[in-house]
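K.L.:
My questions all concern the structure below.
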DNA sequence: CGTAAAAACTGACAAATATCATATTTGTAA
DNA sequence: TTACAAATATGATATTTGTCAGTTTTTACG
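Chains as they are written, first to last, in UniProt numbering: chain A, 1 to 229; chain B, 1 to 229.
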């Protein structure tokens, strides 16, 4: 795969596209490429990050673990997204863990390259700001969903989200395969409730499953459910 | 009250402090001061904002209304905070409504003054970015609380939050007086549940009430509750 | 393959929370 | 000050969701 940031397509999707040629070159020279296996961590809650990760392939969950062992997934980050920006910008330890839910290829960019551009290139800073504004809106939406929708509605919404963001394969199954546990941690519910609702949706003809793979059979029905019909 | 931004103390708490003298002067010339009565809206979900509000006094709730009439309060903004930044930065309609929960004095700053600085003054942009990064972290924390803590714990946390952020009066009551309904919308629960838990906390000696005013009597107990003891 | 461990699933039950109905209190304006 | 609406409060009950205990299925790997 292309190893210079200047030629990396992934960059088009994130704030690095607002960097000048010289900045990109500097970033490219300092970055390192890494392969992360499914289940491995990019970083864990509380750590100090000295750089950001640019996702070239695969998906990572960003989650927070509580004392009782539950962990809530706050976001799924995939190709093109930059992980760890918030921590670097705020100069704080990371508040979330990042764990691969599929095999990943990422670039690690030491923070110096990012920070110096933040101070000197307003276009870049503004671009980062816009991405953060987008993330904040999404986070607000999640808060509202968590409090105003019931588990069934949030489950339905999760499947629609997975279809829209990661697509489906030739057989009509969701391309991103998550364990039932991960799904329950996205939705914020108990594993058993999650499984039960999947069974129910299957019975009603909304979904189909094959092993851990899940496919949407009746998108309209799921949408109606989310809307409260 | 001081009417020039250059001399306004409130500015110290927000991103405007990263503006140059000239920029501030420009902002100051274009701004207008407004008084908002308790219950009135600064703006409503879905509107297009052509500026931001800088809070000089009072408190506003930022919330989202759902079809079923519930509204979830995502944030309480008070003195020094800038409201509407996200929308202006992202060039999107606002995703939340802002309604005064006490009488407010705010300055409205047309977006031109903000946007031009965003494009030219990296210090300012970075400062805005840092505030947004902070808000994002707080939003993530709210998501996790909503899913990992039960209603009683979230109620306890809400009271501690109100004490820490808005203080208490001479008699030991929380300075920011919210209706039971607003409290339930912060916590994400039904009004009746909210009231019941207040009664319970009162019986247990954690809280005292006087009309709609609420005071914390046993902070340690509330903290223990939040921690899960 | 075969086997052990992990993940998925199911049922029965308990706990948490919402809803509905209604009473009481409080604040407000005539 | 009364009178009324709005807010607060409480009880009874329904619904949702979680927990525990166990079975079945899938997956990984020697």
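By construction, the Cβ of each residue, glycine as well, lies at the ideal position given by its N, Cα and C atoms.
Quick caveat, the model's predicted, so the values are computed rather than measured.
Does the beta carbon of residue 143 of chain A come closer than 9 Å to any beta carbon on chain B?
P.N.:
Chain B, which has a Cβ nearer than 9 Å to the Cβ of residue 143 of chain A, makes this yes.
K.L.:
Spatial neighbours of residue 18 of chain A within its chain, please: CB distance less than 6 Å, with the 5 preceding and 5 following residues excluded, ordered by chain position.
P.N.:
So the qualifying residues of the chain are 123, 124, 127.
K.L.:
Can you give me the start and stop residues for the alpha helix (DSSP H) that residue 240 of chain A sits inside?
P.N.:
In the structure as shown, chain A begins at 1 and stops at 229. Residue 240 of chain A is therefore absent and cannot be evaluated.
K.L.:
Does the beta carbon of residue 110 of chain B sit closer than 9 Å to a beta carbon anywhere in chain A?
P.N.:
no
K.L.:
Whether or not the stretch 99-118 of chain B and the stretch 145-155 of chain A are in contact is what I'm after, with contact meaning three or more pairs of Cβ atoms, one per stretch, closer than 8 Å; do they touch?
P.N.:
no
K.L.:
Please return the same chain residues whose Cβ sits closer than 7 Å to the Cβ of residue 37 of chain A, not counting the five positions on each side in sequence.
P.N.:
100, 103.
K.L.:
What residues from the stretch 124-138 of chain B come within 8 Å of chain A, judged by C-beta to C-beta, listed N to C?
P.N.:
125, 126, 128, 129, 130, 132, 133, 134, 135, 136, 137
K.L.:
On the premise that residue 186 of chain A lies in contact with residue 83 of chain A, defined as a C-beta separation below 8 Å, what is that separation, rounded to the nearest angstrom?
P.N.:
Residue 83 of chain A to residue 186 of chain A, Cβ: 17 Å. No contact.
K.L.:
Is the beta carbon of residue 216 of chain A less than 9 Å from the beta carbon of residue 142 of chain B?
P.N.:
no
K.L.:
Roughly how many angstroms separate the alpha carbons of residue 80 of chain A and residue 11 of chain A, rounded to a whole number?
P.N.:
6 Å
K.L.:
Does residue 147 of chain B get closer than 9 Å to chain A when you measure Cβ to Cβ?
P.N.:
yes
K.L.:
Within 10 angstroms of its Cβ, does residue 140 of chain B collect 16 or more other Cβ (buried), or is it exposed?
P.N.:
buried
K.L.:
Can you find a CB in chain B that lies within less than 9 Å of the CB of residue 188 of chain A?
P.N.:
yes
K.L.:
What is the C-beta distance between residue 52 of chain B and residue 9 of chain B, in whole angstroms, given that I count them as a contact (C-beta under 8 Å)?
P.N.:
Not confirmed; about 18 Å, so no contact.
K.L.:
For residue 120 of chain A, decide whether its Cβ has a neighbour in chain B, counting only Cβ atoms nearer than 9 Å.
P.N.:
The beta carbon of residue 120 of chain A sits closer than 9 Å to some beta carbon of chain B.
K.L.:
Roughly how many angstroms separate the alpha carbons of residue 161 of chain A and residue 158 of chain B, rounded to a whole number?
P.N.:
31 Å
K.L.:
Report all residues from its chain with a CB closer than 7 Å to the CB of residue 182 of chain A; omit the five preceding and five following residues, and keep chain order.
P.N.:
Around residue 182 of chain A: 61, 73, 101.
K.L.:
Using the beta-carbon of each residue, which ones in chain B are nearer than 8 Å to residue 228 of chain A?
P.N.:
67, 68
K.L.:
Nearest by alpha-carbon distance to residue 205 of chain A: which of A:76, A:156, A:64, A:85 is it?
P.N.:
A:156
K.L.:
Taking the Cβ atom as the reference point for each residue, do residue 77 of chain B and residue 94 of chain B lie within a distance shorter than 9 Å?
P.N.:
no
K.L.:
Under 7 Å Cβ-Cβ, which residues of chain A neighbour residue 86 of chain B?
P.N.:
133, 136, 137
K.L.:
Distance check for residue 119 of chain A and residue 28 of chain A, CA to CA, integer angstroms please.
P.N.:
19 Å
K.L.:
Would DSSP call residue 74 of chain A helix, strand or coil?
P.N.:
strand
K.L.:
Closer than 9 Å, CB to CB, is residue 200 of chain A near chain B or not?
P.N.:
no
K.L.:
Could you tell me how far apart the beta carbons of residue 87 of chain A and residue 49 of chain A are, in whole angstroms, since I believe they sit closer than 8 Å?
P.N.:
Contact between residue 87 of chain A and residue 49 of chain A holds: their C-beta atoms lie close to 5 Å from each other, under 8 Å.
K.L.:
The beta strand (DSSP E) that contains residue 105 of chain A, what's its start and end?
P.N.:
104-110
K.L.:
The beta strand (DSSP E) spanning residue 96 of chain B covers which residue range?
P.N.:
Taken as a continuous stretch (DSSP letters only), residue 96 of chain B belongs to no beta strand (DSSP E), as it is neither H nor E.
K.L.:
With distances taken from CA atoms, which of A:223, A:219, A:5 is nearest residue 108 of chain A?
P.N.:
A:5
K.L.:
Are any of the Cβ atoms in chain A nearer than 9 Å to that of residue 165 of chain B?
P.N.:
no
K.L.:
Measure the Cβ-Cβ separation of residue 132 of chain B and residue 85 of chain B and say whether it is below 9 Å.
P.N.:
Using a Cβ distance threshold of 9 Å, residue 132 of chain B and residue 85 of chain B count as a contacting pair.
K.L.:
Beta-carbon separation of residue 90 of chain B and residue 31 of chain A under 9 Å?
P.N.:
no
K.L.:
Tell me which residues share the same chain as residue 228 of chain A and place their Cβ nearer than 8 Å to its Cβ, disregarding the 5 neighbours each side in the sequence.
P.N.:
153
K.L.:
Mind listing which residues of the stretch 93-105 of chain A have their C-beta closer than 8 Å to chain B's C-betas, in chain order?
P.N.:
95, 96
K.L.:
Return no unless some Cβ of chain B is closer than 9 Å to the Cβ of residue 218 of chain A.
P.N.:
Using a Cβ-Cβ cut-off of 9 Å, residue 218 of chain A does not count as an interface residue toward chain B, since no Cβ of chain B sits closer than that to its own.
K.L.:
Just mark residue 170 of chain A as buried or exposed, buried being the case when its beta carbon has 16 or more other beta carbons within 10 Å.
P.N.:
exposed
K.L.:
Consult DSSP for residue 130 of chain B and reduce its assignment to one of helix, strand or coil.
P.N.:
helix
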